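Asker:
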Amino acid sequence: QVDLPSRLHDSTSAPGFGTQTNLHVAGHTLGNLCTSNGLPFFSPSGQQWVKSCTGEDVDQAYFSPQPSVSYEAASSGALQPLMLPDKGILHNLLHEWEAQIFSLLFPFINREFFHSTIDAAYHGRTSTISPGTASARACVYAFTALCLSMSHQVSGSDLMNAEDYINEAFGLLPSMFMDSFTIDGLQTLAMLVICSFAMLGNVHLVELALSSANRFIIHLKGHLAPVYTNQEQFRRDSHIRNLFWVCFLFDKEFSLRTGDLPCIDDNLCDLTLPADTSEGSSPEFVACLRIAVLQSQIYRGLYSVPALRQTDAQLLGTIRDLDNALEVWRSSVPFSNRPRFNDRDSHALSTPDTIFQLQYLYCMTMIHQASGRCSSWVQNKDTSEAGSSLAISVEASRSLLQKLLDDRLHLDRNNLRFCLPYFITAICHIFCNILLKPVAHSSRDDLHLIVSVPRHVRARLSAEMTLPVKQVDVFEGFVMELERLSLRAFQNAQGV
Numbered sequence: 371q372v373d374l375p376s377r378l379h380d381s382t383s384a385p386g387f388g389t390q391t392n393l394h395v396a397g398h399t400l401g402n403l404c405t406s407n408g409l410p411f412f413s414p415s416g417q418q419w420v421k422s423c424t425g426e427d428v429d430q431a432y433f434s435p436q437p438s439v440s441y442e443a444a445s446s447g448a449l450q451p452l453m454l455p456d457k458g459i460l461h462n463l464l465h466e467w468e469a470q471i472f473s474l475l476f477p478f479i480n481r482e483f484f485h486s487t488i489d490a491a492y493h494g495r496t497s498t499i500s501p502g503t504a505s506a507r508a509c510v511y512a513f514t515a516l517c518l519s520m521s522h523q524v525s526g527s528d529l530m531n532a533e534d535y536i537n538e539a540f541g542l543l544p545s546m547f548m549d550s551f552t553i554d555g556l557q558t559l560a561m562l563v564i565c566s567f568a569m570l571g572n573v574h575l576v577e578l579a580l581s582s583a584n585r586f587i588i589h590l591k592g593h594l595a596p597v598y599t600n601q602e603q604f605r606r607d608s609h610i611r612n613l614f615w616v617c618f619l620f621d622k623e624f625s626l627r628t629g630d631l632p633c634i635d636d637n638l639c640d641l642t643l644p645a646d647t648s649e650g651s652s653p654e655f656v657a658c659l660r661i662a663v664l665q666s667q668i669y670r671g672l673y674s675v676p677a678l679r680q681t682d683a684q685l686l687g688t689i690r691d692l693d694n695a696l697e698v699w700r701s702s703v704p705f706s707n708r709p710r711f712n713d714r715d716s717h718a719l720s721t722p723d724t725i726f727q728l729q730y731l732y733c734m735t736m737i738h739q740a741s742g743r744c745s746s747w748v749q750n751k752d753t754s755e756a757g758s759s760l761a762i763s764v765e766a767s768r769s770l771l772q773k774l775l776d777d778r779l780h781l782d783r784n785n786l787r788f789c790l791p792y793f794i795t796a797i798c799h800i801f802c803n804i805l806l807k808p809v810a811h812s813s814r815d816d817l818h819l820i821v822s823v824p825r826h827v828r829a830r831l832s833a834e835m836t837l838p839v840k841q842v843d844v845f846e847g848f849v850m851e852l853e854r855l856s857l858r859a860f861q862n863a864q865g866v
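When you read off a place in the sequence shown, starting at 1, and then add 370, the result is the number in my numbering.
#1: Quick one: grab the DSSP three-state call for G502.
#2: Does the Cβ-Cβ distance between Y732 and P709 come in under 8 Å?
#3: Could you say which of N862, I820, Q861 and T514 lies nearest to M850 if we only look at CA atoms?
#4: Compare the C-beta of F472 with all C-beta atoms of chain B and state if any pair is closer than 8 Å.
#5: Rounded to whole angstroms, what's the CA-CA distance from P704 to M453? Just pull it up for me.
#6: Terminal residues of the continuous alpha helix (DSSP H) containing K591?
#7: Comparing alpha-carbon positions, which option in R690, G502 and L790 lies nearest S741?
#8: Give the single residue among E602, K622, D607 and A515 whose Cα lies nearest to the Cα of S581.
#9: What are the start and end residues of the alpha helix (DSSP H) that includes I610?
#10: Looking at L631: is its Cβ nearer than 8 Å to the Cβ of C658?
#11: Let's test the definition: count the other Cβ atoms within 10 Å of the Cβ of L378 and tell me whether it reaches 16, buried, or not, exposed.
#12: Helix, strand or coil for R854, going by three-state DSSP, please let me know.
#13: Tell me the residue span of the alpha helix (DSSP H) that contains N694.
#14: Give me, in chain order, the residues of the same chain whose beta-carbon lies closer than 7 Å to that of L641; leave out the 5 immediate sequence neighbours on both sides.
#15: Enumerate in chain order the residues of its own chain whose CB-to-CB distance from F484 is below 7 Å, with the five nearest sequence positions on each side excluded.
#16: Skipping 5 residues on each side, what residues in its chain have a beta carbon closer than 7 Å to that of L594?
#17: Can you tell me whether S550 is buried or exposed? The criterion is at least 16 other CB atoms within 10 Å of its CB, across all chains shown.
#18: Starting from the Cα of T900, find the closest Cα among S674, F476 and Q557 and give me that residue.
#19: Between R910 and G592, is the Cβ-Cβ spacing less than 8 Å?
#20: Give every residue of the same chain whose Cβ lies closer than 8 Å to the Cβ of A568, excluding the five residues on either side of it in the sequence, and list them in chain order.
#21: Whole angstroms are fine: how far does the CA of G494 sit from the CA of N803?
#22: Measuring alpha carbon to alpha carbon, tell me which of L543, F845, V823 and S813 ends up nearest R858.
#23: Looking at the unbroken alpha helix (DSSP H) that takes in D815, where does it start and where does it end?
#24: Take G555 and list the residues in its own chain whose beta-carbon comes closer than 6 Å to its own, dropping the five residues that flank it on each side.
#25: Within its chain, find whatever has a CB closer than 6 Å to the CB of E538; leave out the 5 residues flanking it on each side and keep chain order.
#26: When you compare only the Cα positions, how much space is there between D635 and H780?
#27: Can you tell me where the alpha helix (DSSP H) holding I553 begins and where it ends?
#28: Can the beta-carbon of Q603 be found closer than 8 Å to that of I479?
#29: What is the rounded straight-line gap between the Cα of N785 and the Cα of H589?
#30: Would you decide whether P596 is buried or exposed? Buried here means 16 or more other CB atoms lie within 10 Å of its CB.
#31: Using only CA atoms, which one of L831, A829, R854 and E426 lies nearest to H818?
#32: Tell me the residue span of the alpha helix (DSSP H) that contains C744.
#33: How is E426 classed by DSSP in three states: helix, strand or coil?
#34: Over what stretch of residues does the alpha helix (DSSP H) that includes P653 continue unbroken?
#35: By how many angstroms is the C-alpha of Y669 removed from the C-alpha of E846?
#36: Please list, in chain order, all residues of the same chain as N712 whose beta carbon is under 6 Å from its beta carbon, the five residues on each side excluded.
Following this line, the structure appears as structure tokens:
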């Protein structure tokens, strides 16, 4: 009988960690990573497996046992409530946001509706679109924070740090909830999800914002496809629907990454995708939504409680089906943007290309790593279907990191913070393979590959990126610990 890789079957407390088995590195949750025998990597059983291979305990100094990572430099330390930004600056930020690719990938804001938000926030002039001043103010603060994290044009202004505006938006949530369920409130929560993840590295706040956003979605009927009654209502409902999809995208990515239950139940939602020509939509947005739907299927098919009870045959059948579904998604991406598994001639020259490439290899890894739960693999280490599937998982991780080192991914100050979790996941998978095969010649090459990543990432940081630099510091220490353990595994295998 093989232990199931579930916290339900692995509740032993690790020293110093209480019952927390979902550890966090550099602000990113690593709860859904599995060792090659199917055990969660950072569970007590997973750490026992690492010790059996290395003779060493994992140094817990490199991990944060808390569900968030706080950095003292995250804000300016402002004690007084922040004033709303100057309206002229806000309009400049809006113009700059609309010119960025992220506005296509994450359509948080509709310009026409945002003018109503501004009227309510600055002048108290409420409307059908913005019926509450607290919601409107929170929305302006969240939008300002989001734009400041990406803007190149605010140096020398009297704006505070982006994190100060995030704190101000969170501080308004109790008052915002008193405004009932508003579009401004849903926009605020959706933007706070991405701010909490990418800027603060605070997974606890991500979960709180996502769960709250889910209730707003339900009451605003965003989980249902809009039906045309009149033009004004249809535009309103279409924007709410886009916000639903943004939250759906975050929810499925976060759930698959952490192993935690998703906030949005697919079975209670109409998952009819928008046309890529509809207002607020784009081909890039729809491609991201398709992969989010697939991520939800991966979680339900391989990592949910019912999935953990599958027989070997059922598990391998699910893996085959999901692998086929991933190839269908890949083929649906326009040829010029289409991700490749291991093509050295392919280059991701834009942010969407990079996102598609990372998502493709990440999903490939998450699909095939589940084969480590097969009892035939755990007991016999066979190289039949389960073993081949694990090999695909490792090769996908190698491919992802090699594309990074070969500069075949488009990384800049805006998207680097979104890419770090993919690098961490790939590194952990390769590390597990090193422990599994410490005498293989490829393991030395793999170790060189993973220790090269932090240096490569650091070389692409800019001076003003305070939070990413701090996250990379933790990331670098984490990889150093994996290097130490890998070297001990080599020595153990040689009888040293």
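Where a beta carbon is used, it is the ideal one built from N, C-alpha and C, also for glycine. Note that the structure is a prediction, hence the values are computed from the model and not measured.
Answerer: Taking the coordinates as given:
#1: coil
#2: No.
#3: I820
#4: Checking the listed chains, one finds no chain B in this structure; it contains a single protein chain.
#5: 45 Å
#6: Where K591 is concerned, there is no enclosing alpha helix (DSSP H), given that its DSSP letter is neither H nor E.
#7: Looking at the Cα atoms, R690 is the closest of the given residues.
#8: The shortest Cα separation from S581 among E602, K622, D607 and A515 belongs to K622.
#9: Membership of I610 in the alpha helix (DSSP H) is indicated by the continuous run Q601 to T628.
#10: No, they are not a contact pair.
#11: Bear in mind that a pLDDT of 30 at L378, under 50, signals an unreliable position, so the number given afterwards is only what the model happens to contain. Label assigned to L378: exposed.
#12: helix
#13: D682 to S702
#14: V663
#15: Closer than 7 Å at Cβ, skipping near neighbours: L464.
#16: The residues are D640.
#17: exposed
#18: As displayed, the chain neither begins before 371 nor continues past 866, which places residue 900 out of reach and without an answer.
#19: Residue 910 cannot be examined here, being either before or after the span of the chain that is shown, 371 to 866.
#20: S519, R787 and F788
#21: 59 Å
#22: Closest by alpha carbon: S813.
#23: H811 to R828
#24: S505, M546 and F586
#25: L452 and Y511
#26: So the two alpha carbons sit approximately 33 Å from each other.
#27: I553 to C565
#28: no
#29: 32 Å
#30: Around the beta-carbon of P596, 16 or more other beta-carbon atoms lie within 10 Å, marking it buried.
#31: R854
#32: Here C744 belongs to no alpha helix (DSSP H), and DSSP marks it neither H nor E.
#33: Coil at E426, not helix or strand.
#34: P653 to I668
#35: Going from the Cα of E846 to the Cα of Y669 covers about 29 Å.
#36: S769
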